[in-house]
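J.:
Numbering (full-length UniProt numbering), first residue to last: 1 to 190.
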């Protein structure tokens with residue numbers, strides 16, 4: 001359970017294997033009434049067995065409260081679509097499919113929304129190459145845009161999850177010639 005800085009707002013986090021039945025209960029229960037889907041997003045954490053975390057942010061206007069419902073999946077296991085509960089989930093789920101490749105079962109129109117129809121891969125996955133798989137450029141000889149495969153220098157990005165500051169050497173003392181004694185004035189620079 002997480003508390004926000006505003007004392008009137010309770011932001012709870014719940015982990016569920018299936019969000020659809022809980023979303024129905026949260027929407028329809030008299031003491032909950034979380035009828036507004038404020039946001040739906042995904043997080044890719046490749047070190048986990050179920051690498052995708054799906055996050056539903058729900059809002060109860062009646063009780064002025066929020067709740068965050070989370071579920072998880074891998075590349076092959078579909079998540080049940082929540083469009084039947086919250087119509088706003090339609091384009092959010094399409095975006096998650098397009099960017100992460102998480103499949104939503106029983107979605108009315110699950111197709112790409114941000115990338116081209118022939119686009120290969122899912123660009124928000126951590127294992128997607130930064131340069132992509134295809135380079136688009138205008139060719140003056142053929143007078144049109146051409147797509148050429150990109151040569152990748154490495155097959156898979158290895159993530160070193162250490163802090164980037166650990167790569168720097170420990171704090172170094174300045175040389176004795178640069179140290180000032182107490183009461184000394186800083187040398188003037190011209």
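We treat Cβ as the ideally placed atom computed from N, Cα and C, and that holds for glycine.
Taking the alpha-carbon of residue 46 as reference, which of 130, 84, 26 and 124 has the nearest alpha-carbon?
T.: Locating residue 46 in the chain shown gives position 46, where the first residue counts as 1. Among 130, 84, 26 and 124, the Cα nearest to that of residue 46 is on 124.
J.: Do residue 129 and residue 103 count as a contact pair if the criterion is CB distance below 8 Å?
T.: Residue 103 sits at position 103 when you count from the first residue of the chain shown. Residue 129 sits at position 129 when you count from the first residue of the chain shown. Their beta carbons are not under 8 Å apart, which means residue 103 does not touch residue 129 by this criterion.
J.: Hey, how far is the Cα of residue 67 from the Cα of residue 32?
T.: Position 67 of the chain shown, counted from the start, is the residue given in the question as residue 67. Position 32 of the chain shown, counted from the start, is the residue given in the question as residue 32. Roughly 10 Å between the two C-alpha positions.
J.: Roughly how far, in whole angstroms, is the beta-carbon of residue 73 from the beta-carbon of residue 54, given that I think they are within contact range, below 8 Å?
T.: Numbered from 1 along the chain shown, position 73 holds the residue referred to as residue 73. Numbered from 1 along the chain shown, position 54 holds the residue referred to as residue 54. Going by Cβ atoms, the distance from residue 73 to residue 54 rounds to 7 Å, so yes, they are a contact pair.
J.: On the DSSP letters alone, give me the boundaries of the beta strand (DSSP E) that residue 23 sits inside.
T.: As a working mapping, residue 23 is identified with position 23 in the chain shown. Membership of residue 23 in any beta strand (DSSP E) is not indicated; the residue belongs instead to the alpha helix (DSSP H) covering 20 to 28.
J.: Tell me the rounded alpha-carbon separation between residue 51 and residue 140.
T.: Counting from 1 along the chain shown, the entry for residue 51 is found at position 51. Counting from 1 along the chain shown, the entry for residue 140 is found at position 140. If you take the alpha carbons of residue 51 and residue 140, they lie about 43 Å apart.
J.: Quick check on the DSSP output: the beta strand (DSSP E) that includes residue 112 runs from which residue to which?
T.: For the purposes of this step, residue 112 is taken as residue 112 along the chain shown, with counting starting at 1. It is not in any beta strand (DSSP E) - residue 112 carries neither H nor E in the DSSP assignment.
J.: Just mark residue 191 as buried or exposed, buried being the case when its beta carbon has 16 or more other beta carbons within 10 Å.
T.: Outside the shown range of the chain (1 to 190) lies residue 191, about which nothing can therefore be said.
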